[in-house]
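Chains as they are written, first to last, in this note's numbering: chain W, 1 to 157; chain A, 1001 to 1101.
Note that beta-carbon positions come from the ideal geometry of N, C-alpha and C, so glycine has one too.
Heads up: the structure comes next, in structure tokens.
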Amino acid sequence: MAVTTAVLMILQRNPVMSAISLIGNFFALAALYLLLRAQFLAVLQIIVYTGAIMVLVVFVIMLLNLGDERGLAERPSLRSSVGTALAAGLLLELVAILFLRTGPGLPPAMHPSSGSQGTVEAVGTAMFGKFLFPFEITSLLLLVAIVGAVILAKKRL
Amino acid sequence: MTVPLSWYLVLSAILFVTGVAGVLTRRNAIVVFMCIELMLNAVNLTLVAFSSFLGDGTGQVFVIFVMAVAAAEAAVGLAIVIALFRNKQTVDLDSINILKW
Chain W
1 MAVTTAVLMI LQRNPVMSAI SLIGNFFALA ALYLLLRAQF LAVLQIIVYT GAIMVLVVFV
61 IMLLNLGDER GLAERPSLRS SVGTALAAGL LLELVAILFL RTGPGLPPAM HPSSGSQGTV
121 EAVGTAMFGK FLFPFEITSL LLLVAIVGAV ILAKKRL
Chain A
1001 MTVPLSWYLV LSAILFVTGV AGVLTRRNAI VVFMCIELML NAVNLTLVAF SSFLGDGTGQ
1061 VFVIFVMAVA AAEAAVGLAI VIALFRNKQT VDLDSINILK W
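This is the structure:
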């Protein structure tokens, strides 16, 4: 399901259809997070990605009025084939690393304590305890991003 | 019955590679942004899978930081796209060459 929507996304010619496929992909990933017993992250995935980021993307697509990509029709160019070949090579490499690795094997089953780690309480405790400083840095980053986005999108640059 | 960890890793690799292929082949700037989001999500899936198989909650906190960075990146990137579109009336990446000298 996630793979289907992801492949659909890069094959769609219309950016709006591409965005809708990406939203489907995010929902599939949220379901996978639930399977992995990360409930808080599943909810966060839907709220942050499908709720905030994709609304922003769709809004920009509508604002710029990019209906069809006819203006930039995909020529079967050299770059396109080279890009696909490079990506296929990367996939081969990743899967080969996974199956040819040495060292300790992967854990066969989910850790018994994983059920209690995906809760809001556990994640919040870790975030505001052990990871307080990175959390503050993230808030600073978000502030800089807000200011930067406003200034970049101003009428007169 | 649980799904083994390697399936999650393979799925994540496929998603990441799909994102890479999109970035390399597409010419629409917004679609390229969405492909970058796809790659970040693939990495998030790996982090969550390892976190829950190893019983260590650090991965989940890290995923939240990645999400925050992705949100910041999307906001700034889309602002850049809007600014470029005002200047050149296109989002075709091949025709955006104002950084060339």
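1. So Pro107(W) packs on Leu1054(A), CB below 8 angstroms; how close in whole Å?
2. Taking only beta-carbon atoms, is Val1066(A) less than 8 angstroms away from chain W?
3. Between which two residues does the alpha helix (DSSP H) holding Tyr33(W) run?
4. Taking Cβ positions only, does Met1034(A) come closer than 8 angstroms to chain W?
5. Do the stretch 52 to 67 of chain W and the stretch 141 to 148 of chain W meet, that is, are 3 or more Cβ pairs less than 8 angstroms apart?
6. Interface residues of chain W around Thr1046(A) at Cβ under 7 angstroms?
7. With distances taken from CA atoms, which of Ile20(W), Ser81(W), Gln39(W) and Ser80(W) is nearest Val55(W)?
8. Which whole-angstrom value describes the C-beta separation of Asn1012(A) and Ala1042(A), a residue pair presumed to lie in contact below a C-beta threshold of 8 angstroms?
9. Taking 8 angstroms as the threshold (C-beta atoms), are Phe40(W) and Thr119(W) in contact?
10. Please return the same chain residues whose Cβ sits closer than 6 angstroms to the Cβ of Ser1051(A), not counting the five positions on each side in sequence.
11. Please check the pair Ile1030(A) and Val1081(A), which I expect to be a contact at CB under 8 angstroms, by giving their CB distance rounded to whole angstroms.
12. Got a sec: is the Cβ-Cβ distance from Gln117(W) to anything in chain A below 8 angstroms?
13. Scan the stretch 19 to 32 of chain W for residues whose Cβ lies nearer than 8 angstroms to a Cβ of chain A and list them as they occur along the chain.
14. Would you please verify whether the beta carbon of Ile61(W) is less than 8 angstroms from any beta carbon of chain A?
15. If Leu29(W) and Leu1084(A) are in contact, beta carbons under 8 angstroms, what's the gap, nearest whole angstrom?
16. Starting from Thr119(W), follow the alpha helix (DSSP H) in both directions and report where the run begins and ends.
17. If we ignore side chains and look at the alpha-carbon of each, how far apart do Val1063(A) and Val1048(A) end up?
18. Using a beta-carbon distance below 8 angstroms, is Phe133(W) in contact with chain A?
According to the structure data:
1. Sequence index remark: in the first sequence, residue 107(W) carries index 107 (1-based). Sequence index remark: in the second sequence, residue 1054(A) carries index 54 (1-based). With a contact defined as Cβ atoms closer than 8 angstroms, Pro107(W) and Leu1054(A) qualify at about 6 angstroms.
2. Here residue 1066(A) corresponds to residue number 66 of the second sequence, with the count starting at 1. Between Val1066(A) and chain W, the shortest Cβ-Cβ separation is not below 8 angstroms.
3. Position 33 of the first sequence holds residue 33(W). Start and end: Pro15 to Leu35.
4. On the second sequence, residue 1034(A) is found 34 positions in, with the first residue counted as 1. Closer than 8 angstroms to some Cβ of chain W, the Cβ of Met1034(A) qualifies, so yes.
5. Contact between the stretch 52 to 67 of chain W and the stretch 141 to 148 of chain W is absent, because fewer than three Cβ pairs lie under 8 angstroms.
6. By one-based count along the second sequence, residue 1046(A) stands at place 46. For Thr1046(A), there are no neighbours in chain W by C-beta distance under 7 angstroms, as the nearest C-beta there is about 11 angstroms away.
7. In the first sequence, the residue the question calls residue 55(W) occupies position 55. Just measuring C-alpha positions, the residue of Ile20(W), Ser81(W), Gln39(W) and Ser80(W) sitting nearest Val55(W) is Ile20(W).
8. By one-based count along the second sequence, residue 1012(A) stands at place 12. By one-based count along the second sequence, residue 1042(A) stands at place 42. In the sequence on display, residue 1012(A) carries Ser and not Asn. Between Ser1012(A) and Ala1042(A) a beta carbon distance of about 5 angstroms is seen, short of the 8 angstroms cut, so the two are scored as contacting.
9. Translated into positions along the first sequence, residue 119(W) becomes position 119. Translated into positions along the first sequence, residue 40(W) becomes position 40. The criterion of a C-beta distance shorter than 8 angstroms is satisfied by Thr119(W) and Phe40(W).
10. Here residue 1051(A) corresponds to residue number 51 of the second sequence, with the count starting at 1. Setting aside the 5 residues that flank it on each side, Ser1051(A) is surrounded in the same chain by Gly1059 and Gln1060, each with a C-beta closer than 6 angstroms to its C-beta; the list follows chain order.
11. Walking along the second sequence from the start, residue 1030(A) turns up at place 30. Walking along the second sequence from the start, residue 1081(A) turns up at place 81. About 6 angstroms separates the beta carbons of Ile1030(A) and Val1081(A), which is inside the 8 angstroms limit, making them a contact pair.
12. Start at 1 with the first residue of the first sequence, and residue 117(W) comes out as number 117. By this cut-off, Gln117(W) is an interface position.
13. Against chain A - using a Cβ distance shorter than 8 angstroms - the residues of the stretch 19 to 32 of chain W are Ala19, Leu22, Asn25, Phe26, Leu29 and Leu32.
14. Locating residue 61(W) in the first sequence gives position 61, counting from the first residue. Judged by the 8 angstroms Cβ criterion, Ile61(W) is in contact with chain A.
15. The count along the first sequence starts at 1 and reaches residue 29(W) at position 29. The count along the second sequence starts at 1 and reaches residue 1084(A) at position 84. That pair is no contact at about 30 angstroms.
16. To locate residue 119(W), count along the first sequence from 1; it is residue 119. Annotation for Thr119(W): no alpha helix (DSSP H) segment contains it, and DSSP assigns it neither H nor E.
17. Locating residue 1063(A) in the second sequence gives position 63, counting from the first residue. Locating residue 1048(A) in the second sequence gives position 48, counting from the first residue. C-alpha separation (whole angstroms): 7 angstroms.
18. Position 133 of the first sequence holds residue 133(W). Chain A contact via Cβ: absent.
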